[in-house]
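These protein sequence lines map, in sequence, to chains A and B.
Mind the numbering: the first sequence is residues 1 to 489 in this note's numbering, read in order.
Mind the numbering: the second sequence is residues 1001 to 1684 in this note's numbering, read in order.
Glycine is no exception: its CB is placed at the ideal position from the N, C-alpha and C atoms.
On a predicted model such as this, the values are computed, not experimentally measured, just so you know.
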Amino acid sequence: MLFALWVAKNDNQVRGVMVAGSTALLIGAIWLTVYFVQQRNAGNHDAMLLANSVMWFKPMHIAFSVGVDGISVVMILLSAIIVFTGTFASWQLEPMKKEYFLWFVLLASGVFGFFISTDMFTMFMFYEVALIPMYLLIGVWGTGPKEYSAMKLTLMLMGGSALLILGILGIYYFSGAKTMDVIELARMHAMPKNIQNIFFPFVFIGFGVLGALFPFHTWSPDGHASAPTAVSMLHAGVLMKLGGYGCLRIAMFLMPDALTVWAPVFLVLTTISVVYGALSACVQTDLKYINAYSSVSHCGMVLFALVMTTQTAITGAILQMLSHGLMTALFFACIGMIYHRAGTRDVRYLGGLMKVIPFLAVSYVVAGLANLGLPGFSGFVAEMTIFIGSFENAGMFHRVATIIACTAIVITAVYILRVVGKILFQTIPNKKFYELHDATWDERFAIGCLIFCVAGLGLCPLFFENMIMDAVHPIFDHIITYVPTLGNL
Amino acid sequence: MFDYAFLILLLPFLSAIVLGLFGMKMPRKVAGIIGTCVLGTLFVLSLYTAYHYFFYTGEYTAMGETFHVTDGRLANGTYPTVTVFNLTWLKFTELLTFNIGFRLSPISVMMLIVITTVSFMVHIYSFGYMAERDENYKFEEYEHGFQRFYAYLSLFTMSMLGLVVATNIFQMYLFWELVGVCSYLLIGFYYPKHTAVHASKKAFIVTRFADLFFLIGILFFSFYVGTFNYDLHANPDLVGKLTALASNPALTWVLPTSLFLMFIGGAGKSAMFPLHIWLPDAMEGPTPVSALIHAATMVVAGVFQVASLLPIYVQFGAQEQLHWIAWIAAFTAFYAAAVACAQRDIKRGLAFSTISQIAYMLVALGVCFYDSKEGTFNSPEFLHHGGLGYMAAMFHLFTHAMFKALLFLCSGAIIVIIGSNFKDYMGGLHKYMPITNICFLIGCLAIAGIPPFAGFFSKDEIISACNSLPGVEGQALKWIMTIVAGMTAFYMFRLYYVIFWGESYYEQDPENRRRPQEVPFVMWGPLVFLAAISVCAGWIPFGHFVSANGLNYDIHIDWSIATTSIIAAVIGIALATWMYMGKKQPVADALQRTFPRLHKAALNRFYIDDAWQFFTHKIVFRCFSIPIAWFDRHVIDGTFNFMAWGTQEAGESIRSWQSGDVRQYAVWFITGTVALTLILLCLI
C-alpha cells in the first residue's frame, strides 16, 4: 500500500520528500475515490472493494486483511487531505524537522492502516501505531505544559485501548469464530446476547475515549492546546474520527443486540458531550481550548448520531466526521498561524487582527462560520442530516435528546462569534501587533485547500452522501435485523 | 419560458464570489460597478419575469408541466405555480429529499420585484454613501472595504432571492440562515467599532436562537408529513397527507405545534416582541444596508414565511395559532410605536417604526380565518372575508418596502451630511436639503396612511381585514391598529419636524460648523425613484395579482374604516406639528419633565434589552457555562488526575517491594509457600 512506500522513502528526507509523499498520497486517495465510484457504478456490489487478506498469526486467526467501502474511502480521502495540508502548515517548523516528520508520517500511516483494515486485530494494531507518535510529537514539539499533556493524552487513550483489547478478545472468543474479520464475524453473528451486553461498553467506551465521549474527553483540551499545529490538525481532524469509525464498525456492527440495553445510556452521555462541550467552549480564553471543546461537542455529535441508529443519522455521523475533520483542521491551522505571529493564544490579549493579517483573519471567520453550520459549508449538511436522521427515531426519549442537541447550534454561534468579535474585530490592543505579517505562500496554500474542501462538501454534498449511504446501508440493515425495535418506523 | 431563471440565483452568487475573492485586487470603483451591473440585470430579469408571469397569453411548459394561460391566468382564474427547476441537493431518506429549486407563485414574483428594486437602488445609492468626503463634501475616495461591501450585498441578494423562490421549507431554511449571516457581516461592516461588533453578534445570536425553533418545527413537520414541501398548489399529494395527519386524533397537535415553532423562527427574523431586540442595534450597519436588509427585505422574511404557510394554517386546524400570531403582532406594533416616540437616534426611530409596520403585516395574516360555511378555501367568498388579510399583508409588505427604504435612504443622506445619527445635530435642514426634504415628507405621508399615498391603501386593507374577523377579537384588533396608525403618524412627523424644521444646529454657530448641503445625484436619484413608487404604489390593483385564493380581487375602500384611520393619522400629525414644529418645543419638554420615568423607560425600550442581557449573561453564562467549565477542569479532570496520582502512589509503595534484597525475597517466598500450603490443606 501507499503508506509503506512512503515511510521507506522518508528516511532520506527533506521537505521535498514530504511534499512528494503527501501529494502522492492525495493523488492515491483521489484515484481510490474515483476507482471506487467507477466500480460501484459498474455494478460491483461487494461489501468491500479491493479486498485482500494475508494470514498473519495462525493460532489466533489474525489476518492482515484490507478492503474499503464507501465510509473508509471518504475517511482515507479526508486523511490524505489533512496530511497534505498539514505538511504545508508545518513548513516553518524549526528544530529536528526530520524526526518530526518521521513521527508525523508514522502517525498518518497508523491512521490509513486503521481505515483500510477489516480485521479487528489489525485495526487495533494500527490504532496503537497512531497513538504512540502522538506522545512524542506533543512531548517534544509541543508548547505549554507539554509533558503533562502528552502524558495525560497517551495514558487516557491507552486506558481506552485496554478496554478495547478486552472487548476485541471477548468478541473473538465468545463468537467462537475462526476469524477476526469484521465482515465474517458480522455474518456469523454468533455472540450470545448477554455476552454482547457485557462487551459492548468495553469497545464503545474504548473507542469513545478517542471520540471524546463525555466524561472521557479531558485529554482533548490539554492535548490539543499543547500539540504543534499540524499535529492538532491531524489529531482533531482524523484521529478523533477513529473513535466514531470504530464504534460503528466494531461495537455496533458486531454487537447490535447490545444496543437495546446500552443505546439509551450512551445517548445520554453523547447528548451531554454535545451540549457540555459547547457550553464549556463559551468561557474559555485560550483559542485552542475553545476549539478543543468545540471538537468535543462536534465529535459528540458523531457518536450521538451513531447511537440514534437510523440510516440517515448514521450517514449524518459519517458526514459529520468528514466535515468536522476538515473544519477543525482549518481552525487549528488558523490558530497555529495566529499564535505563531502574535505569540499568544489568549483571547483577552488579542484584538483587531483583521486590520493587520487580513488573510488569516478572513480564513478564521470562514472556519468559524463553517463551524456554526453556515449553509454552503460542510457543517450545515452534516448537522442537518444528523438532526433529520435523529428525529426519525420516534421514541420520546430520543426526541428530547435531539432537541437538546439542537440547542448546540445556538451555543456554537455564541462561542464562535464571541471569539471572532474579540480577536479579529475592534481595536488593536497591543502596538506589537501592527508589525505582524500576513500568511506566507505555504500557509495560504494549506488554508486555501482546506477552505476549498469545506466549501466543496458544502455545495455539492450529494456525491459524498451517495457514497456513504451506500456503505451505511448494509451496516444499518445488519443492525436492524437484530434489533428491529430500534429507531426505524 | 422561464428557462433563464437560474440566472437570477447564479449571477449574484458569481458576483459575490468574484468580488469576495478578487475584489481586493481590483479598483474600488470597478468592484462597485460589477455589483451594480449584476443587480441591474437582475432587476430587468425580474421585471421581465413578472411581466410574463402576470400577462402572458398562450402556453408554456416547465418541468414537464404544461400551462395554458390567458393573461397569466389558468382556466380556473388563478395564477399557476410554476416550478422552473428543482434539483436534488441532498437525500435524507427515500422520501425526504432536500431540493434546491426555483418556484414562481404570485407572492414570490412580487418579492422578486421588491428585492431587486430596493437592492438595485441601494447599489446605486451606495456609490454616494460609501465614500469619504472632505470638508466641503467633495468626493475623495470610496471607503475602505468598498469591494467587500458589494460582495456582501450580492451575496445577500442571492440568498434573499433564493429564500423567496424556495420550493420547500428546507430550502427556505437554508437561505434563511444565509441571509442571517449576510446581515451579521453587514451590521459588523465597520468592524473596528465596538458597538458594531456587539450589534452584529447580538443580531446573529438572537435570530439563531429563533431559528432553532424554526428547525425543530421543520423536524416535526417533515417527520409527520413526510415531505419538506409546503405548497399545496404545486404538490397535490400534500393535501392528502395533511388531511390524514390533521384527522388523526392522536396527532392533531403536530401541525399547530410545528407551524407555531416555525413562526417563532419567523418572529426572530421579523423582530417580533420579545425577539425584536436585535433590530434597533442592527442600525450600526451602513445605512444603505439598513434600508435593504433591515427595512425592506430580510426582516419581512418572517411575514413571507407565514404567508407561504398560510393555507396550511387555515385549512388544517392551526387557526388558534394564527390568532396568537395576531395578538403577538398587535402588541409588538403598539410597543414599538410607543418606543419610537422617544428615540433620539433617527435610525433607531425608523427601526422601531419598521418593527411596528411588520407587526401590521403579521396582524393581517393572523386575522385570516377559514369558515367552513363559506365553502372551500378556493371559493370566491373566502377572498372577501377570511382571506382578505393575506392580500392586505402582502400589499403592505410591498408598499412598506418602498417607503421604508425611501425613509432610510433619506436618513442616510442626512447622516452623510450631518455626520451623526442624533436628532440634536439636525434641525432646519429643509433649506439646505430640499430634495431630501420632499422625499422624506413623501415617505412620512405614505407611512402615516394619508391618501393618496401608498401606505393608506395597504393599511386600510389591513384594518378592514381585522374588521372582518368576527367577534370581539376582530374589533379589538381593529381599534388597536387604528390607534397605532395614529401613533405612527405622530412619531414619523416628530422625526420629520426635528430633522427638517425647528432650530438649525448649523445656524446656532455658523462659523465653526459645516454648512449642510444637498447630496449628489447618485444619492438623490434613487430617493426620487423610490418616492415616485411610494406615491403611486397604492394605485396598483394589487388584489389583481396577489390574493388568498389566486382569484381576482378588486380593492375597494371601506370608507367607514378609512375615515377613522385618516382621522387618527391627522390627529397624530397635528399633535406632532403642535409639539415639534416650532424652534423650541415647550410641550414636548414639559411632557418629558412631567413623566420623566415614562420617557426614560421608552428611551431605554422599556428595559427589554436589559432583561435579555440579564438572562444571557447572568443566567446562561454564570449559571451554566462557567460552572460547567469549572466542573470539567476540576471534577472530571481532577478524577482522572487523581487516578493517575493514585497509580503513581501505588507504584511508589509497591516499588519498595522490589528491593533487590535477596533475604527479603526469601522471607516473602517462604511466607507465601506456607500460606498456600495452609490454604490447600484447609480446602482438602
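Out of the options, which one is the CA nearest neighbour of residue i?
| i | options | result |
| --- | --- | --- |
| S149 (chain A) | A:N197, A:L157, A:S161, A:G223 | A:G223 |
| I171 (chain A) | A:M158, A:F204, A:I71 | A:F204 |
| A1401 (chain B) | B:V1303, B:Q1321, B:W1324 | B:V1303 |
| L1261 (chain B) | B:Q1321, B:L1292, B:S1290, B:L1014 | B:Q1321 |
| F1006 (chain B) | B:I1293, B:L1104, B:A1291 | B:L1104 |
| D1281 (chain B) | B:P1311, B:V1122, B:G1349 | B:G1349 |
| F1102 (chain B) | B:T1093, B:F1092, B:T1083 | B:T1083 |
| G316 (chain A) | A:T23, A:E392, A:V381, A:F425 | A:V381 |
| V238 (chain A) | A:N41, A:A29, A:H324, A:L462 | A:H324 |
| T229 (chain A) | A:G159, A:A292, A:F200 | A:A292 |
| V454 (chain A) | A:M321, A:F397, A:R345, A:I250 | A:M321 |
| P429 (chain A) | A:F359, A:R399, A:F200, A:T344 | A:T344 |
| A405 (chain A) | A:F207, A:V275, A:M467 | A:V275 |
| A342 (chain A) | A:M75, A:T122, A:K432 | A:K432 |
| T1482 (chain B) | B:W1539, B:I1540, B:I1571, B:I1435 | B:I1571 |
Buried or exposed: where does residue i fall if 16 or more other Cβ atoms within 10 Å of its Cβ makes it buried?
| i | result |
| --- | --- |
| A1351 (chain B) | buried |
| N12 (chain A) | Note that N12 (chain A) scores 49 on pLDDT, short of 50, meaning its location in the model is unreliable and no value can be drawn from it. |
| V419 (chain A) | buried |
| I1679 (chain B) | exposed |
| T218 (chain A) | buried |
| G1375 (chain B) | Residue confidence for G1375 (chain B) is low, a pLDDT of 48 falling below 50, so the modelled location carries little weight; the figure read from the coordinates is stated next. Exposed. |
| F1002 (chain B) | buried |
| H1396 (chain B) | buried |
| A361 (chain A) | buried |
| N1248 (chain B) | exposed |
| L1676 (chain B) | exposed |
| A1016 (chain B) | buried |
| P1470 (chain B) | exposed |
| L136 (chain A) | buried |
| K1025 (chain B) | exposed |
Just to check, is the beta-carbon of residue i closer than 8 angstroms to a non-hydrogen atom of the ligand PLP?
| i | result |
| --- | --- |
| F1263 (chain B) | Of the ligands one can find in the structure shown there are none, so the ligand PLP has no counterpart to examine. |
Could you name the residues of chain A that residue i contacts, counting a contact when the two beta carbons are closer than 8 angstroms?
| i | result |
| --- | --- |
| H1194 (chain B) | Q426, T427 |
| K1201 (chain B) | L417, R418, G421 |
| V1181 (chain B) | L369, L374 |
So with CB distances below 8 angstroms, who are the chain B contacts of residue i?
| i | result |
| --- | --- |
| A413 (chain A) | F1204, I1205, R1208 |
| P461 (chain A) | W1089, L1090 |
| I479 (chain A) | Within chain B, no residue comes near I479 (chain A); the closest Cβ sits about 16 angstroms away, beyond 8 angstroms. |
| T440 (chain A) | The premise fails here: T440 (chain A) is roughly 18 angstroms from chain B at the closest Cβ pair, so nothing lies under 8 angstroms. |
| Q311 (chain A) | T1093 |
Mind listing the chain A neighbours of residue i? Cutoff is C-beta to C-beta under 7 angstroms, in chain order.
| i | result |
| --- | --- |
| F1223 (chain B) | F391, E392 |
| F1640 (chain B) | M156, T218 |
Interface residues of chain B around residue i at Cβ under 9 angstroms?
| i | result |
| --- | --- |
| V410 (chain A) | I1205, R1208, F1209, D1211, L1212 |
Counting only Cβ pairs nearer than 7 angstroms, list the residues of chain B close to residue i.
| i | result |
| --- | --- |
| Y215 (chain A) | Reading off the sequence shown, one finds Pro at residue 215 (chain A), where the question assumed Tyr. Under the 7 angstroms cutoff, chain B gives I1636. |
Listing by chain order, which chain A residues have their CB less than 9 angstroms from the CB of residue i?
| i | result |
| --- | --- |
| Y1191 (chain B) | G352, M354, K355, G421, L424, F425, Q426 |
Looking at chain A, which residues of the region 1146–1167 of chain B have a Cβ within less than 8 angstroms of any of its Cβ atoms?
-> none
Where are the alpha helix (DSSP H) runs, 4 residues long or more, that stay fully inside the region 1202–1289 of chain B, in chain order?
-> 1236–1247, 1254–1269, 1278–1281
Which ranges does the alpha helix (DSSP H) cover as unbroken runs of at least 4 residues, wholly within the region 1613–1653 of chain B, from first to last along the chain?
-> 1626–1631
Interfacial residues, the region 1091–1119 of chain B to chain A, with Cβ spacing under 7 angstroms | K1091, F1092, T1093, L1096
Which residues, taken in chain order from the region 132–148 of chain A, show a beta carbon closer than 8 angstroms to some beta carbon of chain B?
-> none
Check distances from the C-beta atoms of the region 271–282 of chain A to those of chain C and list, in chain order, the residues that come in under 8 angstroms.
-> The question asks about chain C, but that chain is absent: this structure's protein chains are A and B.
Where are the alpha helix (DSSP H) runs, 4 residues long or more, that stay fully inside the region 1523–1577 of chain B, in chain order?
-> 1542–1545
Could you list the residues in the region 1286–1320 of chain B with a C-beta less than 9 angstroms from some C-beta on chain A, going in chain order?
-> none
Of all the residues that make up the region 1239–1270 of chain B, which are near chain A by a beta-carbon distance shorter than 9 angstroms?
-> none
Can you give me, in chain order, the residues of the region 348–359 of chain A that have a beta carbon less than 9 angstroms from any beta carbon in chain B?
-> G352, M354, K355, P358
Interface positions of the region 364–384 of chain A facing chain B (Cβ-Cβ less than 9 angstroms), listed along the chain | V365, L369, L372, G373, L374, P375, G376, F380, V381, M384
Below 8 angstroms between beta carbons is the criterion; list the residues of the region 1621–1633 of chain B that meet it against any residue of chain A, in chain order.
-> F1621, F1624, S1625, I1626, I1628, A1629, D1632
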